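Report on one structure; see the data block that follows.
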Amino acid sequence: MTLPPQRQEAEAQLRDVQEQFKRFLVLLEQNNQVLKIIGDMEEKSQGEYLFDLNYIRSSLEDIRAAVGQIIEQLVLLSDGRCRPLRQRFEQIDGQIARMFPDYRKLEPTAYVLWFDEIGREHALSVGSKNAQLGEMRSRLGMTVPNGFAVTAWAYKRFFDANGLSDRIRSLVQNADVCSFASLVEVSEKVRAMVMEARVPADLSEAIVQAFQRLVAGSSGKRVAVRSSGLEEDSLFSYAGQYATLLNVGASEAVSAYRQVVASKYTPQAIYHYLSHALGEAELAMSVGYVQMVDARASGVVYTRDPVYPDTDSLWIHAVLGLGAYLVDGTLTPDAFNYSRSDLVEQERQIVEKKVRLVLDSSGGTVQERVPDEEQTRPSVSEKELRELAQLGLRLEEHYGVPQDIEWAIDAQGSLQLLQTRPLQLVKRSTTPRTFEVDGKDVLLEGATTASPGAGAGPVYQVRTSVDLLGVNDGMVVIAPNPFPGLITIMGKARALVTEVGGVASHMATLSREYRLPTLVGASGAMGIPNGTSVTVDASGGRILAGLHFDLAEARVAETNNLFEDTPLFQGFRRILDLVAPLHMLHPSDPSFLPENCRTLHDITRYAHQKSMEEMFRRVSTLETTAEFGQPVVSELPLPVRVLYVDRPMTDLGEGKGVTMQEIDSEPMLAIWSGMREQGWPSGPSSTRTPFPTRLKTRGKRSEPFQYTVKSYAVLGTHYMMLCLHLGYHFTTIEALCTEDANKNYVRLQYKDGGASLERRVRRIRLVATLLSRLGFENQTEADFLDALYSHADCETVQDKLRLLGRITMLTKQLDMALSSDAITEWYTKDFLSKLGLES
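The numbering of the sequence shown is the numbering used here, which starts it at 165 and goes up by one.
Next up, the structure:
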């Protein structure tokens, strides 16, 4: 049977709205997912929870997918009018992506850049280490050895020429981060691949020529070749992860480049990538070639105490000879504590120095015995200490944050700066408590706190990388000295102890990043047998017999904001600034436009608002279609026809009436119950007022009012749009009422009327006052009202709808009675009282 054209058109129109309604629900669900993730991220940003880069990445991936869905659904809902939101999303998403250490869009540069021509703004081309050397040398005029950087663009040339990226990525992705043996196996394969690769002729020539130029103007003919990763000093510390080659000659210039690049793939470096969900193949590396300093003494300046940063302390750590033995933890250094305010020495710790690392005349380095007369002397003079302290504070002032500075003093007494980077600090939430224990429980005391806190568990001794295979979750790891492989157990050990080493070692820096309680300089710790239950009180510098879990928990409370001071957490906060803040607050604001969205939350807010408007617009066009809907059978003299967004028109039955008991729509039942509760009014004069009431009409409208023309409702189980034509005014109420408060809303539009404009405006003012008491946000213009209530649970939404039903009945034809502001005020107070909204 062929349907009449009008019926066919009506059914097609309803199907279109039903399809759009499905999109609307998808958009709301995705919007809700975004809000949940943002809420979780904001909670994490308070510093009371631990998380890693995997959490940040997965959260952003989920948000990115949801926001993309929201935008696509909105574009379809709006018939393409909201396409500009796509571009804004891409821009914000790009800003977020650039904050990750493995997002590096390499720009073409020369293969070689000299320190004299670079500054910190070149970090994306030459890595942070090289960029800061250039900054200190060319901008600050400090004494920095001459040198040059082989750029990240050169690295790309090397990898592209040998097709290394894909092959390496495949190998690294198959490494088992929980198995040190797997990491070693993958590392050996990848490093062999890099070492066997041919350095392209143009790059090789650039390195050799620069090397010859570097040594031509110096007395020494050898250089240090150092890594300078683009990701170093970013969200994570890469302290000690990559190679530094000392005393390299011209014949080794190109081979040294390959060795340093290959050091990107040591077992510990691969662990670092994988444990932090970093894309190693995208982490380009620059390599620095620096004039070799034949160091009499070397060390590190911390311009603040990293463990107690609120004190007025500046620390200088020093060893005799080359600094490699200090930063790798082989030696315990001399330590000097200076007050920052007046550069007065507060404390010194002079250790016995039996050996030192020096340059070998044939290349490389060699360990030698320190003469007896020098073993107990300070490694640096008071004059040198003061100069170091002054330089340290000058660098801190320049960079604006505390600095971790490597230095060396040559045989002629010339101080050379070798590196500076932001110092990772530990901030305590409370002052460390003193825990009294039985004296016999103290196995060792007087060790140095490298990373505060406490951890309890069985002892496991580690002497070599092979021993790392036996480390299980919850162990206390003790080693004679720090070595790079220890990073692979930092995610599962309860505490770490080494017999030698200092706070300025690379291992100590990594321990603070991993928030692992760590003691260094714990002489005699290897005497504690394997399996012994101990508690490492790193904050107290001691090891206790037995498992003191109360102490461990208390130390966690003392350092519960330790995580806030890590580069990861600070980077997370910067990322969250582009995700969570909400600036798009008022839809009526002229700036409520896609191009003004500044965060992903802004985008979802804009999309949510526009999707409601689009749904409202579409459903509001069904007036003609509603003529084919089911008539509502009710004691109220209000002819309303019903359509559904979740069932076809053919299911309605031809002209069949439907009672409220048969209607399956929570919002409709709620508002109708309020209308029935209030009852059908006979007119505004039915309410007794202290004012005489004269009903006036406009023009030729003196004939009896026909209040109920073409009212209709479009319903779903949780959705309603009720379009009421009551006399000469129109009320449209839309609501969504689900189990999820973030999806729920009630929207009302109120306009027109049969009285003069002045009286219609008064009615709008009265209704707006009632709605404000209900918690609605109102926008009014003349005799038009647009009100919204959102993000409430279903029970609350139903209560608001019930009261809206009562207000609809109370204010029907009321504009006729509002002849003065005084009358309007009287009705307002009367209705507030009737509705129970006085306070």
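No residue lacks a Cβ here, since even glycine has one placed at the ideal position from N, Cα and C. In this text, all values refer to a predicted model and were calculated from it rather than measured experimentally.
Quick check: the Cα distance between residue i and residue j, rounded to an integer number of angstroms?
i           : j           : result
residue 409 : residue 684 : 26 Å
residue 452 : residue 193 : 51 Å
residue 322 : residue 362 : 8 Å
residue 417 : residue 766 : 53 Å
residue 311 : residue 703 : 41 Å
residue 820 : residue 955 : 36 Å
residue 948 : residue 985 : 18 Å
residue 476 : residue 615 : 19 Å
residue 792 : residue 205 : 49 Å
residue 863 : residue 980 : Because residue 863 sits at a pLDDT of 35, beneath the cut-off of 50, its placement in the model cannot be relied upon, and the following sentence gives the value as read from the coordinates. Near 14 Å, if we compare the C-alpha coordinates of residue 980 and residue 863.
residue 297 : residue 314 : 14 Å
residue 581 : residue 497 : 18 Å
residue 710 : residue 716 : 12 Å
residue 176 : residue 243 : 17 Å
residue 197 : residue 227 : 8 Å
residue 900 : residue 438 : 45 Å
residue 461 : residue 746 : 54 Å
residue 719 : residue 608 : 18 Å
residue 392 : residue 536 : 38 Å
residue 406 : residue 628 : 19 Å
Note the first and the last residue of the continuous beta strand (DSSP E) segment covering residue i.
i           : result
residue 626 : Where residue 626 is concerned, there is no enclosing beta strand (DSSP E), given that its DSSP letter is neither H nor E.
residue 277 : 276-278
residue 683 : 682-684
residue 676 : Taken as a continuous stretch (DSSP letters only), residue 676 belongs to no beta strand (DSSP E), being part of the alpha helix (DSSP H) at 670-678.
residue 767 : Where residue 767 is concerned, there is no enclosing beta strand (DSSP E), although the alpha helix (DSSP H) it sits in stretches over 764-783.
residue 811 : Segment: none, residue 811 is in no beta strand (DSSP E) and carries neither H nor E.
residue 409 : 408-412
Determine which residues share a DSSP beta bridge with residue i and list them.
i           : result
residue 518 : In the DSSP output, where bridge partners are listed per residue, residue 518 has none listed.
residue 479 : 466 and 501
residue 913 : 896 and 950
residue 391 : 451
residue 237 : Answer by DSSP bridge pairing: none, since residue 237 is not bridged.
residue 701 : 618 and 706
residue 513 : 499
residue 523 : 529
residue 229 : Bridge partners of residue 229: none, in fact.
What did DSSP end up calling residue i once you bin it into helix, strand or coil?
i           : result
residue 958 : helix
residue 494 : coil
residue 192 : helix
residue 300 : helix
residue 248 : helix
residue 941 : strand
residue 696 : coil
residue 473 : coil
residue 791 : helix
residue 922 : helix
residue 637 : coil
residue 253 : helix
residue 713 : helix
residue 311 : strand
residue 430 : coil
residue 865 : With a pLDDT of 37 at residue 865, under the threshold of 50, the modelled position of this residue cannot be trusted, and the question is left open.
residue 875 : strand
residue 172 : helix
residue 262 : coil
residue 658 : coil
residue 931 : helix
residue 642 : strand
residue 743 : coil
residue 420 : helix
The alpha helix (DSSP H) spanning residue i covers which residue range?
i           : result
residue 883 : Per DSSP, residue 883 belongs to no alpha helix (DSSP H); it is in the beta strand (DSSP E), 883-890.
residue 997 : 985-999
residue 833 : 830-842
Does the beta-carbon of residue i, which I'm using as the reference point, lie nearer than 8 Å to any heavy atom of the ligand FMN?
i           : result
residue 981 : Within the structure as shown, the ligand FMN is missing, as the structure has no ligands at all.
- Message: Which runs of the alpha helix (DSSP H) at least 4 residues long sit entirely within the region 532-615? Give them in chain order.
- Response: As far as the region 532-615 is concerned, its whole alpha helix (DSSP H) runs of at least 4 residues are 546-563.
| said: Quick check on the DSSP output: what are the complete alpha helix (DSSP H) runs of length 4 or more inside the region 314-341, in order along the chain? | reply: Runs of the alpha helix (DSSP H) inside the region 314-341: 316-326 and 328-337.
Which runs of the alpha helix (DSSP H), 4 residues or longer, sit entirely within the region 344-390?
Secondary structure remark: continuous alpha helix (DSSP H) runs of at least 4 residues inside the region 344-390, in chain order: 344-360 and 365-380.
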